[in-house]
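A.B. asks: The structure is given below, and queries will be raised subsequently.
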Amino acid sequence: MGSEAVNPKAYPLADAQLTITITDIVQQAANYKQLKKGANEATKTLNRGIAEFVVMAADTEPLEILLHLPLLAEDKNVPYVFVPSKQALGRACGVSRPVIACSVTTNEGSQLKSQIQQLKDAIEKLLI
Numbered sequence: 001m002g003s004e005a006v007n008p009k010a011y012p013l014a015d016a017q018l019t020i021t022i023t024d025i026v027q028q029a030a031n032y033k034q035l036k037k038g039a040n041e042a043t044k045t046l047n048r049g050i051a052e053f054v055v056m057a058a059d060t061e062p063l064e065i066l067l068h069l070p071l072l073a074e075d076k077n078v079p080y081v082f083v084p085s086k087q088a089l090g091r092a093c094g095v096s097r098p099v100i101a102c103s104v105t106t107n108e109g110s111q112l113k114s115q116i117q118q119l120k121d122a123i124e125k126l127l128i
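Note that full-length UniProt numbering has the sequence shown beginning at 1, numbered continuously upward.
Dropping the structure here:
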């Protein structure tokens, strides 16, 4: 984690506890092949209407390269959240590179259904 202040545009930012929950579910989604990594892929899932929720990294430089995602997510009524570190997000996605955005996609017979629902509720509470 860098010591520099997180960009105020990165709203809503998950707290430490929620960040752990998010990275945990992102990791499982990667195992179940329910994860799209990268801002472009996340944009595609939103446009196709298959995104459950979108996770973005608050330490992206410049942050503007993924600020179209919250707008798109709000249009599609998809919850979105920022986590502090792109490095940690990359690790959770199961790749060695930093990941600035990812989206967990819908899958009907998914074992993650209930966890995803709980997380979506938690993210929506942040937005209120």
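The beta carbon of each residue, even a glycine, is placed where N, CA and C say it ideally should be.
Closest to residue 55 by CA distance: which of 115, 62, 104 and 116 is it?
C.D. replies: Here residue 55 refers to the residue found at position 55 of the sequence shown. Measuring from the Cα of residue 55, the nearest candidate turns out to be 104.
A.B. asks: Within 10 angstroms of its Cβ, does residue 127 collect 16 or more other Cβ (buried), or is it exposed?
C.D. replies: Residue numbering aside, residue 127 sits at position 127 when the sequence shown is read from its first letter. Classification for residue 127: exposed.
A.B. asks: Between the Cα of residue 125 and the Cα atoms of 15, 23 and 33, which residue gives the shortest distance?
C.D. replies: Indexing the sequence shown from 1 puts residue 125 at position 125. Per the Cα distances, 15.
A.B. asks: If we require 3 or more residues per run, which beta strand (DSSP E) segments fall completely within the UniProt domain "Ribosomal protein eL8/eL30/eS12/Gadd45" (24-111)?
C.D. replies: 35-37, 51-57, 80-83 and 101-105
A.B. asks: Identify which residue in 116, 83, 93 and 29 has its Cα closest to the Cα of residue 17.
C.D. replies: Here the question's residue 17 lines up with position 17 in the sequence shown. Closest by alpha carbon: 83.
A.B. asks: Rounded to the nearest angstrom, what separates residue 50 and residue 109 at their Cα positions?
C.D. replies: Here residue 50 corresponds to residue number 50 of the sequence shown, with the count starting at 1. Here residue 109 corresponds to residue number 109 of the sequence shown, with the count starting at 1. Counting only the Cα atoms, residue 109 lies some 14 Å from residue 50.
A.B. asks: Using only the alpha-carbon positions, how far apart do residue 75 and residue 96 sit?
C.D. replies: As a working mapping, residue 75 is identified with position 75 in the sequence shown. As a working mapping, residue 96 is identified with position 96 in the sequence shown. Answer to the nearest angstrom: the Cα atoms are 32 Å apart.
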